[in-house]
Each structure stands twice: as C-alpha cells, then as structure tokens.
Amino acid sequence: EVKILAAVSENTCDQQQEVIFNVRVEEVTGEIRGVSKVCPNVEEITYGLLSNASISRVAWEVEGGEITSRDPINKLVTVLWGEANPSAKIIAYPFNSEGCPIAPIVLTVVINPLIEPLAPIGTTEICFDPDLEWSYQVGTLVTGRGYEWFVEGGEIVGANDLATVKVKWSVPGTTGQLWYREYSLKDDFCEGLSPKLPVSINEQFLISVQNRLDVRCHGSHTGEVSLSVSGGKLPYRFTWSHNPNLNSAN
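Count along the sequence shown from 1, add 249, and you get the number used in my numbering.
This is how it looks when you write it as structure tokens:
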C-alpha cells in the first residue's frame with residue numbers, strides 16, 4: 250500500500266488530499282536453460298531464460314567465460330567457457346514489462362575436462378522378442394559433442410555414434426545394460442561415460458489355445474476355451490470380447 254498526501258500549494262497545508270494506492274507484488278520465477286557441465290576453453294554453449302513472467306529484456310553476465318553473441322529478441326546468449334572452474338556462473342538480470350529490474354537468476358556451471366553425461370533415456374522393462382528394436386537417446390543432447398554407445402545383453406542395430414541408438418535385446422530372463430561415451434568434438438581429452446541403464450528383459454510372452462470345445466446349440470453356454478500362457482511378467486490380465494469382466498485364462 251502506498252499513501253500520498255497532496256496539497257494545492259507547496260507553501261500551505263490547506264486543502265490537503267490523501268490518495269492511497271494498492272500495489273500488488275507478484276513473485277517472479279525463472280530458470281536459465283542450458284548445459285551446466287562443459288569442457289574448458291573449447292565449448293560455446295547457448296543459454297536462454299525461461300520465466301512465467303512477461304520479460305521485456307534480459308541483461309547477461311558471465312563468470313569464468315566470455316559472451317560471444319547475444320540474441321535479445323529470443324533472450325538468448327552464447328558463452329565460450331574458459332579454464333577449468335568448479336563454480337563458473339552465468340547470471341541473468343531480467344526486466345519486467347514495465348522496465349523494472351527483477352531479482353537475478355544464476356546458473357552454476359562446472360568447467361571440467363571430465364564430462365558427466367546423464368543416463369540414457371528409454372524403456373527399462375521389456376518382453377523378449379527377437380524381432381523388436383528398442384530406441385534410446387542420450388540424457389542431454391549437446392551441440393559440438395559426439396557419442397559412442399555400448400550394450401550388454403543385446404546388440405546395437407545400425408549406427409552407434411549418434412545421439413540415438415536402436416537395440417535388439419537378445420538374452421531373455423536377464424538384465425541388460427546400455428551406456429554411452431560422450432566426448433567433445435574439439436578436445437579429444439574432454440570426455441566421460443554415462444551411468445549404465447539397466448533393462449529388465451522378461452521371458453518371451455507366449456500364448457496359445459490349449460483346449461477348445463464348440464457350442465453344441467446356438468444360444469447355449471456349452472462352449473469352452475482354455476489358453477496356455479507363459480513368459481512376460483506376472484500377474485497376467487485377460488480381457489474377453491464376450492465378457493470384458495472375465496479375467497481368466499479359461
């Protein structure tokens with residue numbers, strides 16, 4: 250609340266008027282989007298500001314690197330990071346639609362020749378099928394970096410040097426593993442291995458008709474079907490077209 254006391258003259262207090270303004274203070278949140286672990290002296294990374302508020306402009310500051318380009322319209326900035334530093338920073342100073350400054354937003358960046366990739370992204374539990382291919386991708390795609398995939402309990406189908414990979418899991422009843430090496434395309438000594446992603450490979454799901462008895466007369470309930478089911482993962486769930494509530498193999 251803001252209170253203003255106004256008078257008709259600066260020399261007299263006659264005919265004063267009090268005016269009260271109610272001011273609403275809104276919390277503004279945001280985050281800097283971009284890679285927080287980089288290689289020293291070679292990597293140029295683009296960062297942007299994501300906020301729930303209406304931002305008119307952003308001023309940027311960097312500790313441990315230098316800004317090489319700015320994109321004011323899209324609120325982006327590109328930074329060339331310098332020497333190894335465990336606590337480098339990129340700082341955004343946003344201004345709201347009225348031109349008022351908002352509290353700065355900080356992203357700490359680790360500059361280190363040891364890259365620490367995130368685990369691969371993809372399905373972690375499957376039913377074995379020798380003909381199926383499963384797709385996986387790196388935890389975070391970074392421009393200027395290369396990738397090399399490794400697998401246990403399966404085989405890579407096609408290229409293994411892209412940000413995505415296809416795998417055929419080949420050993421049912423086991424847990425396979427998938428991981429990758431991430432490295433800088435500009436510095437051969439800047440690299441790292443991702444955590445291994447465990448993939449549970451259940452036995453192949455098989456189903457067949459074990460017994461069938463045809464209906465003797467139209468409209469009667471003398472027919473019967475029995476199924477033989479194996480593999481996959483228990484418990485099984487059955488849905489029949491004539492009775493959706495029947496959850497049984499018979």
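Beta carbons are placed, not taken as given, at the ideal position from N, Cα and C, and that holds for glycine.
Alpha-carbon spacing of residue i relative to residue j, whole angstroms
| i | j | result |
| --- | --- | --- |
| Trp398 | Ser443 | 10 Å |
| Pro366 | Asn460 | 53 Å |
| Glu310 | Ala368 | 31 Å |
| Tyr396 | Val387 | 8 Å |
| Lys324 | Ser449 | 43 Å |
| Asn301 | Gly314 | 28 Å |
| Thr413 | Ile370 | 9 Å |
| Ser427 | Glu332 | The sequence shown places Leu at residue 427, not Ser. One C-alpha to the other measures close to 32 Å. |
| Thr317 | Ser433 | 19 Å |
| Pro493 | Thr423 | 33 Å |
| Glu267 | Tyr342 | 36 Å |
| Gly407 | Gly441 | 23 Å |
| Asn409 | Thr373 | 19 Å |
| Lys252 | Glu347 | 21 Å |
| Ile375 | Glu401 | 15 Å |
| Asp378 | Gly403 | 11 Å |
| Asn334 | Cys349 | 33 Å |
| Leu381 | Val416 | 8 Å |
Cross-strand partners of residue i (DSSP beta bridge)
| i | result |
| --- | --- |
| Arg486 | Answer is none; Arg486 lacks a bridge partner. |
| Lys355 | Before going on, a small fix: residue 355 reads as Val here, not Lys. Partner(s): Ile340. |
| Val287 | Ile360 |
| Pro366 | Pro366 pairs with nothing; no bridge assigned. |
| Thr423 | Ile450 |
| Lys417 | Glu404 |
| Val311 | Ile339 |
| Glu473 | Leu462 |
| Asn334 | Ile360 |
| Gly395 | Tyr432 |
| Gly371 | BP columns for Gly371 are empty, so no partner. |
| Pro350 | Phe344 |
| Asp320 | Leu325 |
From the options, residue whose alpha carbon lies closest to that of residue i
| i | options | result |
| --- | --- | --- |
| Lys445 | Ile351, Asn301 and Tyr429 | Tyr429 |
| Ser305 | Pro321, Asn345, Leu381 and Pro484 | Asn345 |
| Ser419 | Asp437, Glu452, Leu434 and Leu390 | Glu452 |
| Glu431 | Ser318, Ala408 and Cys439 | Cys439 |
| Val291 | Thr327, Thr373 and Gly425 | Thr327 |
| Asp437 | Val406, Ser490, Tyr385 and Pro362 | Pro362 |
| Ala337 | Cys288, Ser490 and Val474 | Cys288 |
| Ile294 | Ile405, Ala308, Ile339 and Ile269 | Ile339 |
| Asp207 | Ser285, Glu312 and Leu298 | With the chain covering only 250 through 499, there is no way to say anything about residue 207. |
| Ser490 | Pro484, Val474 and Tyr385 | Val474 |
Endpoints, beta strand (DSSP E) assigned at residue i
| i | result |
| --- | --- |
| Ile405 | Gly403 to Val406 |
| Ile281 | Gly279 to Arg282 |
| Ser300 | Glu293 to Ser300 |
| Asp437 | Unbroken run through Asp437: none, as it is neither H nor E. |
| Leu325 | Leu325 to Trp330 |
| Glu374 | Glu374 to Cys376 |
| Ser346 | Run containing Ser346: none; DSSP gives neither H nor E here. |
| Ser384 | Trp383 to Gln386 |
(request) Kindly confirm or deny that the region 277-289 and the region 347-359 touch, where touching means at least three C-beta pairs closer than 8 Å. (result) Taking one beta carbon from each stretch, the region 277-289 and the region 347-359 have 3 or more pairs nearer than 8 Å; the two touch.
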